[in-house]
Amino acid sequence: MNGLAEAVGAFALTRWVSRKSREDFERWQAAALRRFLDRDLPRAPFYGKAPARLTGLPVTDKALLMARFADFNIHGLTATEAWEAQASNGRVGALTVGASTGTSGNRGLFVISEAEKYRWLGTILAKAAPDLLWHGMRVAVILPQNTGLYDSARKSRLVKLAFFDLARGPESWRGALETFDPTVIIAPPKILRHLVAERFRLQPKRIFSAAETLDPVDRPVIENFFRLPLDQIYMATEGLFAVTCRQGGVHLAEDSVFFEFEAAGEGLVTPLVTAFRRQTQIMARYRMNDLLRLSDRSCRCGSPLRCVDEIVGRMDDIFRLQSAYGPILVTPDVLRNAVLKADRRIDDFRLVQASLDVIELKLPPTLADEAVTAVYQAVNALLETRKAKATIALIRTPMPLETGRKLRRVECRLETTP
Ligand SMILES: [Zn+2]
760 MNGLAEAVGA FALTRWVSRK SREDFERWQA AALRRFLDRD LPRAPFYGKA PARLTGLPVT
820 DKALLMARFA DFNIHGLTAT EAWEAQASNG RVGALTVGAS TGTSGNRGLF VISEAEKYRW
880 LGTILAKAAP DLLWHGMRVA VILPQNTGLY DSARKSRLVK LAFFDLARGP ESWRGALETF
940 DPTVIIAPPK ILRHLVAERF RLQPKRIFSA AETLDPVDRP VIENFFRLPL DQIYMATEGL
1000 FAVTCRQGGV HLAEDSVFFE FEAAGEGLVT PLVTAFRRQT QIMARYRMND LLRLSDRSCR
1060 CGSPLRCVDE IVGRMDDIFR LQSAYGPILV TPDVLRNAVL KADRRIDDFR LVQASLDVIE
1120 LKLPPTLADE AVTAVYQAVN ALLETRKAKA TIALIRTPMP LETGRKLRRV ECRLETTP
């Protein structure tokens, strides 16, 4: 099958599945998952044979995937070969290689085939903007690096796609972006805010936040400027996981990923994902680093795919504190909400667990003193409620746009294992 046919097929399948009842959908998904376990998964040497049940397989994670990279893809491509390809043109024969951003040692690699690339494109279009497609669409993607995923779109006629390299900084491509005049913009929330702050001349019909956690503090600023609701695409090196529908529901991509959930406290879960439509790099029961709050309602759009109320942040960023009752965990959303509820004038901040008993609270010098006091007291009150043994170091500092790393307003800098 050629690329366009793959994209059209994935588009049609995605739309078709979205009209099923939940019951029919689950039956379809179970059959698709079973086919994957029998036919695709055994081709990766790590597995070698089909399991009786998905839950009989071991849980995997980034460390294991990277340690045994060649055993998880069906071509035996090694991590060294993949890094080499990634550093040059991102190609190994007909395969595309990409990597996630992150600190060195913490970067993930992925490898996909041409067919998968087009399938990804068809799927994302079907979810993100099915209505815009027929009117011709100009999509601006502003992300840390061109993963090669977007090459497929660049060649198709219905969609014009332009990639703007975050690493090179907005001033280097501002003119090109404005001239391109995108109808759809996909970018991290901090970049969308930068477009607002610098008053870029743009009239998109749809804007998506991607690649970083969308904090509630960013949403109104972006929505007011563009006069549009801000949608989300939740994707990672590991694939596409959720997209906002036209009714505002953030639907899990259960039509290509089977989700299991582990409880992470405070009503949050962290997902184990099985990408049952991926055939090159096999990903089964892969533990994501993200914290989600699942929705218990179904969406008005009628899609059978489950919704999340919130993508809260990363598991790594849960604060691990000592308290009068022993070790405790405080999730990023609780910390963030304490800051934001303290004063309405707060539109940026950082809260960093710098050591076991020190929390740095960073606020811009322009913020009014009463607001600073209110935030300090709110965080302090939260710690006292939990009987946490930690002190807050208040730092007034400007927070300029950083394009080289992901923005995490709530960040834990302790080593991963406590
Ligand atoms: Zn919906």
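Our numbering runs 759 ahead of the 1-based position in the sequence shown. Ideal placement from N, C-alpha and C gives every residue a C-beta, glycine not left out.
Here the stretch 817-824 does not lie against the stretch 788-802, with fewer than 3 beta-carbon pairs under 8 Å apart. E982 and I883 have their C-alpha atoms spaced approximately 22 Å apart.
Q991 has its Cβ no nearer than 6 Å to any heavy atom of ligand 1.
Rounded to whole angstroms, the gap between the alpha carbons of I944 and R927 is 18 Å.
For H953, the enclosing alpha helix (DSSP H) starts and ends at 948-956.
Across the structure, R1109 and R1168 are spaced so that their CA atoms are roughly 5 Å apart. The alpha-carbon of R933 is positioned some 47 Å away from that of A790. Taking E1019 as the centre and dropping the five residues before and after it, the same chain places the C-beta of L1031 closer than 6 Å to its C-beta, in chain order. Separation of L954 and L763 (C-alpha to C-alpha, rounded to the nearest whole angstrom) is 33 Å. In the DSSP annotation of this structure, the continuous segment of the beta strand (DSSP E) that includes S968 starts and ends at 965-969. DSSP lists A921, I944 as the bridge partner or partners of A899. Using a Cβ distance threshold of 7 Å, A874 and F831 do not count as a contacting pair. Here E1119 is bridged, per DSSP, to V1111, A1152. T839 sits in a helix when the DSSP states are folded into three classes.
In the structure shown, the three-state DSSP call for L1027 is strand. Judged by beta-carbon spacing, G881 lies beyond the 7 Å limit of A970, meaning their Cβ atoms are not closer than that value.
A Cβ-Cβ distance of about 19 Å is found for the pair G1024 and L1115, leaving them out of contact under the 8 Å criterion. Assignment of I1041 by DSSP, reduced to helix, strand and coil, places it in the coil class. Residue side-chain check: S1062 places its Cβ nearer than 6 Å to a non-hydrogen atom of ligand 1.
Residue range 868-871 is occupied by the beta strand (DSSP E) that includes F869. Placement of the Cβ of C1058 at a distance of less than 6 Å from at least one heavy atom of ligand 1 is found.
Distance from the Cα of R1037 is smallest, within the candidate group R1103, T1156, I871, E1170, for I871. The beta carbon of K779 sits closer than 7 Å to those of W787, P1063, all from its chain and outside the five residues before and after it, given in chain order. Inside the stretch 1065-1103, DSSP marks whole alpha helix (DSSP H) runs of 4 or more residues at positions 1091-1101, from first to last along the chain.
In this structure, the straight-line span from the alpha carbon of F959 to that of L1099 is close to 27 Å.
For the pair A1097 and K1146, the CB atoms are not nearer than the 7 Å cut-off. Taking 6 Å as the cut-off, the C-beta of Q962 does not count as close to any heavy atom of ligand 1. Shown here, T1003 sits in a strand according to DSSP, grouped into three states. Annotation for C1004 indicates a beta carbon within 6 Å of some heavy atom of ligand 1.
The beta carbons of K919 and R897 sit closer together than 7 Å.
In the structure shown, N1048 falls within a coil segment according to DSSP collapsed to helix, strand and coil.
Exclusion of the five residues before and after D1014 leaves T773, V776, L1064 as the residues of its chain whose Cβ lies within less than 7 Å of its Cβ. Excluding sequence positions up to five before and after L1160, its CB lies within less than 6 Å of the CB of H953, all in the same chain and listed in chain order.
For the 7 Å CB-CB criterion, L824 and F1035 do not form a contact.
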